[in-house]
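Enquirer:
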Amino acid sequence: MSQLEDLMRPHMAGIATYHGVDPSAELARKAGIKPEDVIRLNANENPYGALDKVADALNGIDLHLYPDTQQRKLRSALAQYTNQPVERIIAGAGGDEIIDLLMRLFVERGQKVLDCEPTFGMYAFSARLADAEIVSVPRNGSWNLNIPAMINAIDESARIVFLASPNNPTGNLLTESDARALLDTGVVVCVDETYYEFAGSTLCHLLDEYENLVILRSFSKWAGIAGLRVGYAIASATLIRHLMDIKQPYNINIAGEAAVLAALAHRDELLERAGRLVEQRRRLESAIDELDGVTYYPSHANFLLCQFERLSAEQAYIKLAERGIFVRRFPQSVLDDSLRISSGTPEQTDRLIAALRIVV
Ligand SMILES: Cc1ncc(COP(=O)(O)O)c(C=O)c1O
């Protein structure tokens with residue numbers, strides 16, 4: 024450690040960082056192909072991009088003005104979309120920021136944060152930043168929760184449980200009875216519905232019953248604006264008031280605000296595109312059904328977790344990358360034999376299926 028690093032908070036200086044996706048040019052460079060040949064099926068992004076009407080809404084916005092700290096227009100549009108009162112809503116710079124804000128609000132050094140592996144890596148990363156104790160309770164063979172083990176792990180130092188529904192990367196839903204069992208313990212339960220618009224299933228109706236429930240959503244996937252970083256949480260008015268008090272004042276930038284307002288105004292078109300991505304996932308499932316050497320887990324999202332029988336996931340990853348197709352791998356984890364493949368356009372799905380026929 025250098026002298027400078029000695030001054031740092033030790034848990035930060037030595038942190039295991041979060042590795043996000045590379046830009047397409049970098050993927051192309053690593054695979055030795057042209058950037059225009061890259062098919063990005065590795066981040067569950069929306070391959071249709073933003074709606075033109077959403078992009079148009081960014082023209083002429085007042086870039087020289089600070090955004091509204093109270094997110095008035097945004098929160099009221101979200102209230103209308105979710106059918107929830109404004110007081111129950113906060114927007115964040117992506118769902119990621121909401122996860123971080125929850126840690127700041129609830130978790131002190133050494134306190135417990137629970138998640139259920141395999142799941143979205145940001146929960147554990149944010150917990151590491153908070154110097155929390157991360158308790159990862161493994162899911163069972165069909166990726167459902169081990170509720171007795173979770174309840175056993177919840178003691179007086181437990182603060183938040185993170186549950187994605189559909190879960191990334193396994194694609195399965197959280198059941199209402201499992202959510203209730205955890206909510207009844209009194210800890211904060213964050214139900215992450217980032218893929219809600221693909222699954223059409225929500226636990227929002229439990230908000231009237233549980234003050235400790237947080238529903239997390241995002242505009243990154245269905246609305247095609249991952250680059251603008253907007254997500255939101257729905258929770259009790261008390262919880263939201265405290266999150267509003269601790270957030271960075273101008274956390275949603277003015278372009279993100281304008282894009283979300285336009286996306287919500289044109290939600291039918293976006294939901295239709297989300298439906299097309301679900302259709303492409305189903306097409307991929309049917310194609311895999313016909314193939315030997317690869318299987319998949321049932322999914323409610325815009326991605327499919329696939330398992331390879333004759334070659335390692337790493338080999339499959341490399342063979343797909345050589346053909347310009349980039350998917351998500353999970354080395355050194357319980358999923359080291361699996362790849363997560365995002366839904367693409369029909370043309371991308373054609374190329375993917377053709378590649379899988381050769382590769383597996
Ligand atoms: C389950 C889950 N939650 C949250 C996020 C974060 O989304 P964003 O910060 O782009 O809103 C993701 C992104 O991949 C995710 O898969």
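If you're matching positions, the sequence shown starts at 24 in our numbering and goes up one per residue. Glycine included, every Cβ here is placed at the ideal spot set by N, Cα and C. Every value quoted in this text rests on a predicted model; they were computed, and no experiment measured them.
#1: In the DSSP assignment, find the unbroken beta strand (DSSP E) run with Arg135 in it and report its ends.
#2: Using the rule of at least 16 other Cβ atoms within 10 Å of the residue's Cβ for burial, across every protein chain shown, is Lys53 buried or exposed?
#3: What are the start and end residues of the alpha helix (DSSP H) that includes Tyr295?
#4: Measure the Cβ-Cβ separation of Arg182 and Phe129 and say whether it is below 8 Å.
#5: Going by other Cβ atoms of all chains shown within 10 Å of its Cβ, with 16 needed for buried, is Gly347 buried or exposed?
#6: So, using beta-carbon positions, are Arg240 and Tyr273 closer together than 8 Å?
#7: Using 8 Å as the Cβ pair cut-off and three pairs as the minimum, do the region 162-171 and the region 181-196 touch?
#8: So, for Val158: in the same chain, excluding its five sequence neighbours on each side, which residues have a beta-carbon less than 6 Å away from its beta-carbon?
#9: If you draw a straight line from the alpha carbon of Val382 to that of Ala339, how long is it in whole angstroms?
#10: Is the separation between the beta-carbon of Ala204 and that of Ile174 shorter than 8 Å?
#11: Going by the DSSP bridge assignment, what does Leu239 pair with across the sheet?
#12: Comparing C-alpha positions only, which one of Leu266, Pro354, Leu50 and Phe221 sits nearest to Glu295?
#13: With the cut-off set at 8 Å, would you say Ala281 and Ile112 are in Cβ contact?
#14: Rounded to whole angstroms, what is the Cα-Cα separation between Ser188 and Asn67?
#15: Consult DSSP for Tyr319 and reduce its assignment to one of helix, strand or coil.
#16: Checking 8 Å against the spacing of the C-beta atoms, do Gly115 and Ala256 come in under that value?
#17: Within the present structure, is the beta-carbon of Ser243 separated from the nearest heavy atom of ligand 1 by less than 7 Å?
#18: Work out the CA separation of Pro369 and Phe349 for me, nearest whole Å.
#19: May I ask you to verify whether the region 58-77 touches the region 355-373, counting CB pairs closer than 8 Å and requiring at least 3?
#20: Return helix, strand or coil for Ile112, following the three-state DSSP convention.
#21: What is the rounded straight-line gap between the Cα of Glu302 and the Cα of Cys329?
#22: Work out the CA separation of Gln107 and Ala260 for me, nearest whole Å.
#23: Tyr146: buried (16+ other C-beta within 10 angstroms of its C-beta) or exposed?
#24: So, His34 versus Asp123, is the Cβ gap smaller than 8 Å?
#25: Return the CA-CA distance between Glu313 and Arg304, expressed in angstroms with no decimal places.
#26: List the whole-angstrom C-beta distance separating Pro354 from Glu332, where the pair is believed to meet the contact cut-off of C-beta under 8 Å.
Expert: Walking through what the data contain:
#1: Just to set this straight, residue 135 is Lys in the shown sequence, not Arg. Lys135 -> beta strand (DSSP E) spans Lys135 to Asp138.
#2: Residue environment for Lys53: exposed (fewer than 16 other C-beta atoms within 10 angstroms of its C-beta).
#3: Strictly speaking, residue 295 in this sequence is Glu, with Tyr absent from that position. Per DSSP, Glu295 belongs to the alpha helix (DSSP H) from Arg290 to Asp312.
#4: By the CB criterion at 8 Å, Arg182 and Phe129 fall inside the cutoff.
#5: Classification of Gly347: buried, given that the 10 Å Cβ count is 16 or more.
#6: No, the Cβ-Cβ distance between Arg240 and Tyr273 is not below 8 Å.
#7: In this structure the region 162-171 touches the region 181-196; the number of beta carbon pairs closer than 8 Å is three or more.
#8: Here the set comprises Lys135, Leu137 and Ala176.
#9: Take the alpha-carbon of Val382 and the one of Ala339: they are about 7 Å apart.
#10: Cβ distance < 8 Å, so Ala204 and Ile174 count as in contact.
#11: By DSSP's assignment, Leu239 forms a beta bridge with Asp215 and Ala256.
#12: Among Leu266, Pro354, Leu50 and Phe221, the Cα nearest to that of Glu295 is on Phe221.
#13: Cβ distance not < 8 Å, so Ala281 and Ile112 don't count as in contact.
#14: Rounded to whole angstroms, Ser188 and Asn67 show a C-alpha spacing of 15 Å.
#15: In this structure, Tyr319 counts as strand in the three-state DSSP scheme.
#16: In contact: Gly115 and Ala256 (Cβ atoms closer than 8 Å).
#17: Yes - ligand 1 has a heavy atom lying nearer than 7 Å to the Cβ of Ser243.
#18: In this structure, the CA atom of Phe349 is about 16 Å from the CA atom of Pro369.
#19: Flag = yes, the region 58-77 and the region 355-373 touch.
#20: The answer is strand: DSSP assigns Ile112 an E or B state.
#21: Approximately 17 Å, taken between the alpha carbons.
#22: Taking the straight line joining both Cα atoms gives about 11 Å.
#23: The residue in question, Tyr146, is buried, as its Cβ has 16 or more Cβ neighbours within 10 Å.
#24: Not a contact, by the Cβ cut-off of 8 Å.
#25: About 15 Å.
#26: Incorrect: roughly 18 Å between the Cβ atoms, too far for contact.
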